[in-house]
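With the working numbering applied, the sequence shown corresponds to residues 3 to 221, in that order.
Below is one structure; the comments refer to it alone.
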Amino acid sequence: MKCPRCVQRIHRAAQSCPHCGFSLADADANFGDGEVTLRSLTDAAGLLRRGGRRKVESAMEEIGRKFPQIFVAVYTGPLGEVANIRQFGFWLLNRAAFEDIPVGKPNEAGILFTIDPESKAAAVTFGYLLDPFLDESDTFECLSRAHSHWLDGRYADGLVKAILHLGGILAKRSRQARRAPEKFERKVLPPPQMGDLVRRIRSGHRVPEEQPVTEEVEK
């Protein structure tokens, strides 16, 4: 990952950035250290009309159906003049309690889109369980798909484009992981705390841990 402050590459397991010292405590000092309760789609800026909101929710739900271990969240709102959207996204994904996300899906498996309409900035933050499957070039691609729509004020259309592109990337990585699982082994946490991104689920039963499967969930 890259440090939300200095944008230097750091290890996910690091408690603070070795380059600038940034940590969650610094983000807490800026935004608060308490739990934030909100929905996975929180349009605090009022950018989405009813029809557009439903389109975005459908795209988010589609990701959840295809990849049941993860979730997508969206937050829109003004962050203020001194706020850094990368730091805010990092903080929110760590501190948010999404009331409409099942407890079995931890924030470490979340992908958060943040839009600040006042500064005309957007960012994507993802939890460490996505590390083997996503990098910042992927999230940049997602934002690029939305950029022209957002310039025209069509925030819902832009979000749908970005989320659909994200789904395509995850499907591609799922196929790659099935062919070469060793390339996707997670190294930042010990095995008991890790799971596969995509695990086929039938009749409510997971594939046993000793038989990892990285495969798209059928519709």
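Glycine is no exception: its CB is placed at the ideal position from the N, C-alpha and C atoms.
Remember, it's a predicted structure, so these values are computed and weren't measured experimentally.
With distances taken between CA atoms, Phe128 lies nearest to Leu168 out of Leu168, Ala148, Lys122, Ser176.
In the structure shown, Leu94 falls within a helical segment according to DSSP collapsed to helix, strand and coil. Here the alpha carbon of Asp35 sits roughly 19 angstroms from the alpha carbon of Thr44.
With a beta-carbon spacing of about 13 angstroms, Ile87 and Ala47 fall beyond the 8 angstroms limit used to define contacts. Burial check for Val162: the Cβ neighbour count within 10 Å reaches 16 or more, so the residue is buried. The beta carbon of Leu131 sits closer than 6 angstroms to those of Glu110, Ala111, all from its chain and outside the five residues before and after it, given in chain order. When His149, Val74, Arg175, Ser60 are compared, the shortest CA-CA separation from Ile113 is found for Val74. Within the same chain, and ignoring the five residues on either side of Ala148 in sequence, the residues whose Cβ sits closer than 6 angstroms to its Cβ are Gly160, Lys163, Ala164. Of all C-beta pairs linking the segment 166 to 182 to the segment 132 to 145, three or more are shorter than 8 angstroms, placing the two stretches in contact. Your pair Phe92 and Ala29 checks out as a contact, with CB atoms roughly 6 angstroms apart and the cut at 8 angstroms. For Phe100, the CB contacts under 7 angstroms within the same chain, skipping 5 residues up- and downstream, are Leu40, Arg41, Ser42, Ala75 in chain order. Residue range 157 to 181 is occupied by the alpha helix (DSSP H) that includes Ile165.
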